[in-house]
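Asker:
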Amino acid sequence: MSGLLLTLAPGERFIVNGALLENGDRPSRIRIKDNDARVLRCSDALKPEEVDTPVKQVYYAIQLLITGDLQPERIVPALKAECEKLRDVFEVVAPDVIPKLLSMIERGNYYSGLCHMRQLFPLEAELLAFQSDDAQLKVA
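The opening residue of the sequence shown carries number 37 in the working numbering; numbering runs sequentially from there.
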């Protein structure tokens with residue numbers, strides 16, 4: 037069977053094509069067979085105030101593509117340019133992440149790209165912490 041399989045906890049919320057849905061009282065699995073459906077678990081969504089790093093900015097833009105708040109033809113070229121900048125930063129520590137992400141974006145697999153991108157969060161946090169520590173050493 038093809039499609040996206042969501043395993044949902046009781047009461048878990050998710051968005052399909054802009055509509056907010058909520059799972060019932062029991063765990064369940066839902067298969068989304070339409071490859072063009074835009075799906076987002078609310079637990080995977082960033083709040084605007086959480087978007088405070090370059091990786092999270094790209095993640096949030098992909099999230100807005102999924103919810104329908106941004107149109108692909110308007111944002112995908114800029115998104116690809118931002119991904120290229122990230123590739124320069126992460127190519128040593130995670131060389132395959134950005135090329136795979138770009139491929140997913142080109143195919144319109146935004147949810148897969150979003151999930152794939154989460155692995156950059158801890159790497160980016162480490163890099164930013166290192167940069168902050170390095171800046172403090174230069175000041176001292």
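We put the CB at the ideal spot given by N, CA and C, even for glycine.
1) How would you label GLN99, buried or exposed, when you count the other beta carbons within 10 angstroms and need 16 or more for buried?
2) Starting from PHE236, follow its DSSP beta bridges and name the residues at the other end.
3) Does DSSP classify ARG110 as helix, strand or coil?
4) Which two residues bound the contiguous alpha helix (DSSP H) that contains LEU183?
5) So, under 8 Å CB-CB, LEU57 and TYR95 are touching, yes? Tell me the CB distance rounded to an integer number of Å.
6) For ARG65, which of helix, strand or coil comes out of DSSP?
7) Quick check on DSSP: helix, strand or coil for LEU137?
8) Identify which residue in THR43, MET153 and LEU44 has its Cα closest to the Cα of SER139.
9) When the Cα atoms are used, what is the spatial distance from ILE66 to ALA97?
10) Let me check understanding here. Comparing Cα to Cα, which of THR89, TYR146, LYS136 and LEU115 lies closest to LEU163?
11) Closer than 8 Å is the cut-off here; do at least three beta carbon pairs connect the stretch 44-59 with the stretch 118-129?
12) For the beta strand (DSSP E) holding LEU40, just list the boundary residues, first then last.
13) Could you have a look at GLN155 and say whether DSSP puts it in helix, strand or coil?
Answerer: With the structure as the only source:
1) buried
2) There is no way to answer for residue 236, as the model of the chain reaches only from 37 to 176.
3) helix
4) One cannot answer for residue 183 here, as it falls past the ends of the chain, which runs 37 to 176.
5) Actually they do not touch by this definition, with Cβ atoms about 22 Å apart.
6) strand
7) helix
8) MET153
9) 25 Å
10) THR89
11) no
12) 40-44
13) coil
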